[in-house]
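Report on the structure given below.
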Ligand SMILES: [Fe+2]
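In this note's numbering, the protein residues as written are 4 to 251.
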């Protein structure tokens, strides 16, 4: 069992049979993350709820998923690797990219059994793969919450065209990574192709083929989510992207 700095057990209890009140989740989140992260989380949750409401989606679920999405973000790498065993060599090399999957594991151990919420939490780092609108709300809120200072256009578009905003966010990420020669995470490609199948993105054969040619196990691009709009390349900074960002 690991302890927080407040000596609170992180996941001592088996799954609870009854839904956990939001206030209790809020308390747990506050104990799990640094104060600046907590402020980000509150903004993401609020924005996810706003986006959901604007699109006639379950706003309570979007809020809860937003509240929980970064619950594992400040855990040590060793704990992330234990909670979310790597699927690729790059997951092993960049454990922070696992914090979405690790969060899901934690939440399941804590008794969260809402599959919609769990999926949104798990996929917030790589992109929604199933077309879940709640997951889309959380993903977009994460990359465009006002505290990031970027992606205002995506935030505004999401209020009237959720799928269009998601397509813009995912395609920007894929193009950004590809332009820098950073392989795209397979889960992100899955989200990208899902948007293509649903007609939200054009087939773009050359791009797809180029991405596929990189192989099935790809380097995780440690893209700062706040950089979706700032795709200006800066020479010599490629390695600098492989830092402590957990969005891939
Ligand atoms: Fe995150």
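Beta carbons are placed, not taken as given, at the ideal position from N, Cα and C, and that holds for glycine.
As the structure is a computational prediction, the values presented were derived from the model and not from experiment.
Would you mind sorting residue 145 into buried or exposed? The rule is 16 or more other CB atoms within 10 Å of its CB. Along the chain shown, one-based indexing puts residue 145 at 142. Buried is the call here.
With C-beta atoms as the reference, is residue 101 less than 7 Å away from residue 83? Within the chain shown, residue 101 is the residue found at index 98, counting from 1. Within the chain shown, residue 83 is the residue found at index 80, counting from 1. A contact, by the Cβ cut-off of 7 Å.
Could you give the distance in angstroms between the alpha-carbon of residue 46 and the alpha-carbon of residue 72? To locate residue 46, count along the chain shown from 1; it is residue 43. To locate residue 72, count along the chain shown from 1; it is residue 69. If you take the alpha carbons of residue 46 and residue 72, they lie about 12 Å apart.
State the DSSP-derived secondary structure class of residue 163, mapped to helix, strand or coil. As a first step, residue 163 is located in the chain shown; it is residue number 160 there, counting from the start. Coil.
Cα-Cα separation, residue 230 to residue 49: Residue 230 sits at position 227 when you count from the first residue of the chain shown. Residue 49 sits at position 46 when you count from the first residue of the chain shown. Confidence at residue 230 is low in this model, with a pLDDT of 39, below 50, so the placement of that residue should be treated as unreliable; the coordinate-derived value is given next. Each residue's alpha carbon lies about 21 Å from the other.
Let me know the secondary structure DSSP gives residue 120 once reduced to three states. In the chain shown, counting from the first residue as 1, residue 120 sits at position 117. DSSP, read as helix, strand or coil, puts residue 120 in helix.
Residue environment, residue 253, which counts as buried when at least 16 other CB atoms sit within 10 Å: Residue 253 falls outside the range modelled here, since the chain spans only 4 to 251, and no answer is possible.
Residue 65 vs residue 137 beta-carbon contact at 7 Å: Numbered from its first residue, the chain shown carries residue 65 at position 62. Numbered from its first residue, the chain shown carries residue 137 at position 134. Their beta carbons are under 7 Å apart, which means residue 65 touches residue 137 by this criterion.
Our contact map puts residue 161 next to residue 109 with C-beta atoms below 8 Å; I'd like the distance itself, whole angstroms only. Here residue 161 corresponds to residue number 158 of the chain shown, with the count starting at 1. Here residue 109 corresponds to residue number 106 of the chain shown, with the count starting at 1. Actually they do not touch by this definition, with Cβ atoms about 27 Å apart.
Go ahead and label residue 155 buried or exposed: buried means 16 or more other beta carbons lie within 10 angstroms of its beta carbon, across all protein chains shown. For the purposes of this step, residue 155 is taken as residue 152 along the chain shown, with counting starting at 1. Residue 155 comes out exposed.
Does residue 125 pass the burial test, meaning 16 or more other C-beta atoms within 10 Å, or should it be called exposed? Locating residue 125 in the chain shown gives position 122, counting from the first residue. Counting Cβ neighbours within 10 Å, residue 125 comes out buried, since at least 16 surround it.
Report the residue ranges of all alpha helix (DSSP H) runs contained in full by the segment 149 to 202; include only those spanning at least 4 residues, in chain order. 155 to 161, 165 to 182 and 189 to 200
By the three-class DSSP mapping on this structure, what secondary structure does residue 220 have? What you label residue 220 is simply residue 217 of the chain shown in a count that begins at 1. Note that residue 220 has pLDDT 29, beneath the 50 cutoff, so the model's placement of it is unreliable and the number below is only indicative. Coil at residue 220, not helix or strand.
Residue 173 and residue 130 look like a contact to me (Cβ under 8 Å); what is the Cβ gap, rounded to whole Å? Reading the chain shown from its first residue, position 170 is the one you call residue 173. Reading the chain shown from its first residue, position 127 is the one you call residue 130. The pair is a contact, with the Cβ atoms about 5 Å apart (cut-off 8 Å).
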